[in-house]
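Novice: Residues in the sequence shown are numbered consecutively from 2, following my numbering. Quick reminder that beta carbons are idealized off the backbone N, C-alpha and C, glycines included. In this text the structure is predicted, and so the values were computed from the model without any measurement. Mind having a look at this structure? Questions to follow.
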Amino acid sequence: SELHWLQAMKAVYCANLHVAPKMTDKSLGLVLEAYAAVAAVPPDNYYDTATPAVVDLCGVMFDEMETLVPQSHDHARKSLMLVLGHLQTLVASLPPPLPPHSSRGTHPMLHVFQLNWSTLHLIFTHTQSLPIQSKVSVVFSTLFRHVGVDAASLALSVIPMFMDAYDATGCRGFLDAVASTLHCASNETADLNRLLVLTFSHVASRASQLSLADDDLVAGVFDFVIIGGTSAPWLFGRAACFEFFFAFATEALSLGCANPSLFRFFQASWQWAHLAAASSSSNKAIIHPPTSFHHDVWSYVVPRMPAFFQRLFAATTRLGPTAVLDDTMDAVAETFLHAGRAFEPVQLELWTTQVLTSDAAFPKPGVAITVKNEFVELMRQPHVATARKLRRLLKQLCRN
Numbered sequence: 002s003e004l005h006w007l008q009a010m011k012a013v014y015c016a017n018l019h020v021a022p023k024m025t026d027k028s029l030g031l032v033l034e035a036y037a038a039v040a041a042v043p044p045d046n047y048y049d050t051a052t053p054a055v056v057d058l059c060g061v062m063f064d065e066m067e068t069l070v071p072q073s074h075d076h077a078r079k080s081l082m083l084v085l086g087h088l089q090t091l092v093a094s095l096p097p098p099l100p101p102h103s104s105r106g107t108h109p110m111l112h113v114f115q116l117n118w119s120t121l122h123l124i125f126t127h128t129q130s131l132p133i134q135s136k137v138s139v140v141f142s143t144l145f146r147h148v149g150v151d152a153a154s155l156a157l158s159v160i161p162m163f164m165d166a167y168d169a170t171g172c173r174g175f176l177d178a179v180a181s182t183l184h185c186a187s188n189e190t191a192d193l194n195r196l197l198v199l200t201f202s203h204v205a206s207r208a209s210q211l212s213l214a215d216d217d218l219v220a221g222v223f224d225f226v227i228i229g230g231t232s233a234p235w236l237f238g239r240a241a242c243f244e245f246f247f248a249f250a251t252e253a254l255s256l257g258c259a260n261p262s263l264f265r266f267f268q269a270s271w272q273w274a275h276l277a278a279a280s281s282s283s284n285k286a287i288i289h290p291p292t293s294f295h296h297d298v299w300s301y302v303v304p305r306m307p308a309f310f311q312r313l314f315a316a317t318t319r320l321g322p323t324a325v326l327d328d329t330m331d332a333v334a335e336t337f338l339h340a341g342r343a344f345e346p347v348q349l350e351l352w353t354t355q356v357l358t359s360d361a362a363f364p365k366p367g368v369a370i371t372v373k374n375e376f377v378e379l380m381r382q383p384h385v386a387t388a389r390k391l392r393r394l395l396k397q398l399c400r401n
């Protein structure tokens, strides 16, 4: 029966949890995946049936972690990381959450996290170990992405913990963890929504202190903004911080920042603006109607597009012969391409003509007018333009 299989797999897990395990951690992960599959039967109504078995096995994990937390030697820290990984594997291995209309209880792993919240909080705060704190944040992120809105109250508790850690360490992993809580937000989670709006504003208030040389953190901030504006525009818009981030990103571009996430932020901005424009120019029903945020983005970026194009060309001329030159040229070409697909051809022709022909020596002296005209023509034909074609012209326009 299922119970015998579960008991056997639990015995295997316990036997390999302590000194001199006979199985690799990868093999033990397969045991945990099998345990989740057997416990979650039937998968279309598994909450009640799986919870006792999941709580039982997780009890072993938490007992082990409570023993390891006070120990400061390397072996204990390594073992703690492994057990946290086991917890993450179990979260990810259970079937998708049951639909809201089903007669369901609490997701088994959400129940486990609520039951053991004090231990998880202790692990995060007591160890003062960035790798362990990062691992805890990844475990929570996995739960939030897997369970969704049912975990809103738990998300409300952990966001301050993650933001305190972000402020103290500048580690992007904690921003990623906060971003995962957006999966828990809905129109019915008012308290969580307010906290997320405050969090967006807080990240914006600290952005000007970023070192552009810290590639990982710069990427983390822009990725956080992209996720917020894309998956929860109705919340991100309430924070009223898009204008700041766009101005900050534009200034970073002028200062020589070539972080891939910087260009992805610009590309996302064009898409957000496009959603507003598409809604006003189309008579068809729109699957995802634009929010006030999308209209605000449109109103803000459109008047600034000529100046932005000028900065983008200028930034390309300043790129040195570095190992990342090709990747950056690709990113610049993609950013122009996304603009070409987001805005009207008439607008694009006007902007690029204004930028490329108002100064014969821009972007660099000696560029033939035919090359400039070819770029303008390509931008006004999004069905013809490709990143490769744009990159070829950018090299002629901006590189020696």
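Leaving out five residues before and five after Gly221 in sequence, what residues of the same chain have Cβ atoms less than 6 Å from its Cβ?
Specialist: Counting from one through the sequence shown, the residue named residue 221 turns up at place 220. Here the set comprises Arg173 and Leu176.
Novice: Can the beta-carbon of Asp327 be found closer than 8 Å to that of Asn260?
Specialist: As a position in the sequence shown, residue 327 is number 326, starting the count at 1. As a position in the sequence shown, residue 260 is number 259, starting the count at 1. No; because the gap between Cβ atoms is not below 8 Å, this pair is not in contact.
Novice: In angstroms with no decimal places, state the Cα-to-Cα distance between His384 and Met330.
Specialist: Residue numbering aside, residue 384 sits at position 383 when the sequence shown is read from its first letter. Residue numbering aside, residue 330 sits at position 329 when the sequence shown is read from its first letter. Spanning the two alpha carbons is a distance of roughly 21 Å.
Novice: Given this structure, state the Cα-to-Cα distance separating Arg319 from Gly257, to the nearest angstrom.
Specialist: Working through the sequence shown from its first residue, we reach residue 319 at position 318. Working through the sequence shown from its first residue, we reach residue 257 at position 256. Their backbone Cα atoms lie some 8 Å apart in a straight line.
Novice: Taking all protein chains shown into account, decide if Leu31 is buried (16 or more other Cβ within 10 angstroms of its Cβ) or exposed.
Specialist: The residue you call residue 31 lines up with position 30 of the sequence shown. Exposed: under 16 other Cβ atoms inside 10 Å.
Novice: Are the Cβ atoms of Met10 and Tyr36 separated by less than 8 Å?
Specialist: One-based indexing of the sequence shown puts residue 10 at position 9. One-based indexing of the sequence shown puts residue 36 at position 35. Yes. Within cutoff.
Novice: Can you tell me whether DSSP reads Tyr36 as helix, strand or coil?
Specialist: Locating residue 36 in the sequence shown gives position 35, where the first residue counts as 1. In the structure shown, Tyr36 sits in a helix (DSSP, three-state: H, G or I).
Novice: Please list the terminal residues of the continuous alpha helix (DSSP H) segment that includes Ser130.
Specialist: The residue you call residue 130 lines up with position 129 of the sequence shown. Neither: Ser130 is in no alpha helix (DSSP H) and is coded neither H nor E.
Novice: Taking Arg105 as part of the alpha helix (DSSP H), name the residues at either end of that continuous run.
Specialist: The residue given as residue 105 occupies position 104 in the sequence shown. Arg105 -> no alpha helix (DSSP H), and no H or E assigned at all.
Novice: Am I right that Pro96 and Pro44 are in contact with their C-beta atoms under 8 Å? What's the rounded C-beta distance?
Specialist: Stepping through the sequence shown from its first residue, residue 96 is reached at position 95. Stepping through the sequence shown from its first residue, residue 44 is reached at position 43. Indeed they touch by this definition, with Cβ atoms about 4 Å apart.
Novice: When the Cα of Leu313 is compared with those of Glu34, Ser300 and Trp352, which residue comes out closest?
Specialist: Residue 313 sits at position 312 when you count from the first residue of the sequence shown. Looking at the Cα atoms, Trp352 is the closest of the given residues.
Novice: Rounded to whole angstroms, what's the CA-CA distance from Gln72 to Lys79? Just pull it up for me.
Specialist: By one-based count along the sequence shown, residue 72 stands at place 71. By one-based count along the sequence shown, residue 79 stands at place 78. Using only the alpha carbons, I get a separation of about 11 Å.
Novice: So, for Arg392: in the same chain, excluding its five sequence neighbours on each side, which residues have a beta-carbon less than 6 Å away from its beta-carbon?
Specialist: Counting from 1 along the sequence shown, the entry for residue 392 is found at position 391. If we look at Arg392 and ignore the five residues flanking it on each side, its Cβ neighbours are Met330 and Ala334.
Novice: Would you check if the distance between the CB atom of Val140 and the CB atom of Cys185 is smaller than 8 Å?
Specialist: If you number the sequence shown from 1, residue 140 lands on position 139. If you number the sequence shown from 1, residue 185 lands on position 184. Going by C-beta atoms, Val140 is not nearer than 8 Å to Cys185.
Novice: Pick out whichever of Thr170, Asp168, Met164 and Thr190 has its Cα sitting closest to the Cα of Ala180.
Specialist: The count along the sequence shown starts at 1 and reaches residue 180 at position 179. Closest by alpha carbon: Met164.
Novice: Spatial neighbours of Ser135 within its chain, please: CB distance less than 7 Å, with the 5 preceding and 5 following residues excluded, ordered by chain position.
Specialist: Working through the sequence shown from its first residue, we reach residue 135 at position 134. Within the same chain, Ser135 has close Cβ partners Cys172 and Gly174.
Novice: On the criterion of 16 or more Cβ atoms from any shown chain inside 10 Å, does Ala41 qualify as buried, or is it exposed?
Specialist: The count along the sequence shown starts at 1 and reaches residue 41 at position 40. When all chains shown are included, Ala41 counts as buried.
Novice: Would you kindly work out how many angstroms separate the C-alpha atoms of Val70 and Val113, rounded to a whole number?
Specialist: Position 69 of the sequence shown, counting from 1, holds the residue named residue 70. Position 112 of the sequence shown, counting from 1, holds the residue named residue 113. One C-alpha to the other measures close to 19 Å.
Novice: Mind pulling the alpha helix (DSSP H) runs of 4 or more residues that sit fully within the region 65-105?
Specialist: 75-94, all fully within the region 65-105.
Novice: Out of Leu197, Phe266, Asp64 and His108, point me to the one whose CA is closest to Ala233's CA.
Specialist: Position 232 of the sequence shown, counted from the start, is the residue given in the question as residue 233. If we check each option's Cα against that of Ala233, Leu197 comes out closest.
Novice: Helix, strand or coil for Glu375, going by three-state DSSP, please let me know.
Specialist: Position 374 of the sequence shown, counting from 1, holds the residue named residue 375. Reduced to three states, the DSSP call for Glu375 is helix.
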